[in-house]
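Peer 1:
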Amino acid sequence: LGGIVRLVAHDFMDYDFDEAPHLGQDGCLDWTSPSNTGLETIWCDDCALTKLYNAKYSRISRADFWVIAANSVIRQTSINQELDLKKTYYWGRQDL
Numbered sequence: 004l005g006g007i008v009r010l011v012a013h014d015f016m017d018y019d020f021d022e023a024p025h026l027g028q029d030g031c032l033d034w035t036s037p038s039n040t041g042l043e044t045i046w047c048d049d050c051a052l053t054k055l056y057n058a059k060y061s062r063i064s065r066a067d068f069w070v071i072a073a074n075s076v077i078r079q080t081s082i083n084q085e086l087d088l089k090k091t092y093y094w095g096r097q098d099l
């Protein structure tokens, strides 16, 4: 479960307000970066998360799906499932 949160964190860590494009949450990772080692076990052709996305959620962007998945993990693993990020969620991210 922590890998899903890490996947999302690594997706938005390249955000730069001063650059164009800003990058950030765009459903794209540099798979060759050593800091992303291990994430290929979370998002790959045979990974459960990828299969779920392809089967049921491909109508939304990968970036939105990754954030939804991470928010779900955070809620499900919080004490009494009280940490719900639904109110702060917005959709419409675009994949690169």
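Residue numbering for the sequence shown follows my numbering, beginning at 4 and increasing consecutively.
Glycine included, C-beta positions come from ideal geometry on N, C-alpha and C.
(1) Taking the straight line between their C-alpha atoms, what separation do you get for LEU52 and SER64?
(2) I need the straight-line Cα distance from ALA72 to LEU32, nearest angstrom please.
(3) When you compare the CB positions of GLY6 and ILE45, do they come within less than 7 Å of one another, or not?
(4) Let me check understanding here. Comparing Cα to Cα, which of ARG9, SER81, GLU85 lies closest to GLY30?
(5) Considering only residues of the same chain and omitting the five flanking positions on each side of CYS47, which have a CB-CB separation below 7 Å?
(6) Could I get the ranges of all uninterrupted alpha helix (DSSP H) runs contained in the segment 35-79, with 4 residues as the minimum, in chain order?
(7) Please classify LEU55 as buried or exposed, where buried requires at least 16 other C-beta atoms within 10 Å of its C-beta.
(8) What residues in its chain sit with their C-beta under 6 Å from that of VAL76, if we drop five residues either side in the sequence?
(9) For the candidate residues ASP14, GLU85, THR80, ASP49, whose alpha-carbon lies nearest to that of SER38?
Peer 2: In short, the structure shows the following:
(1) For the purposes of this step, residue 52 is taken as residue 49 along the sequence shown, with counting starting at 1. For the purposes of this step, residue 64 is taken as residue 61 along the sequence shown, with counting starting at 1. Roughly 14 Å separates the two Cα atoms.
(2) Position 69 of the sequence shown, counting from 1, holds the residue named residue 72. Position 29 of the sequence shown, counting from 1, holds the residue named residue 32. Straight-line Cα distance between these residues: approximately 16 Å.
(3) Locating residue 6 in the sequence shown gives position 3, where the first residue counts as 1. Locating residue 45 in the sequence shown gives position 42, where the first residue counts as 1. A contact, by the Cβ cut-off of 7 Å.
(4) The count along the sequence shown starts at 1 and reaches residue 30 at position 27. Of the listed residues, the one whose Cα sits closest to GLY30 is ARG9.
(5) Here residue 47 corresponds to residue number 44 of the sequence shown, with the count starting at 1. Around CYS47: THR53.
(6) With a minimum length of 4 residues, the continuous alpha helix (DSSP H) runs that stay inside the segment 35-79 are 51-55.
(7) On the sequence shown, position 52 is the one that residue 55 refers to. When all chains shown are included, LEU55 counts as exposed.
(8) Numbered from its first residue, the sequence shown carries residue 76 at position 73. Closer than 6 Å at the Cβ level, and outside the excluded window around VAL76, lie LEU4, ILE7, VAL8.
(9) On the sequence shown, position 35 is the one that residue 38 refers to. Residue ASP14 is the option with its Cα nearest to SER38.
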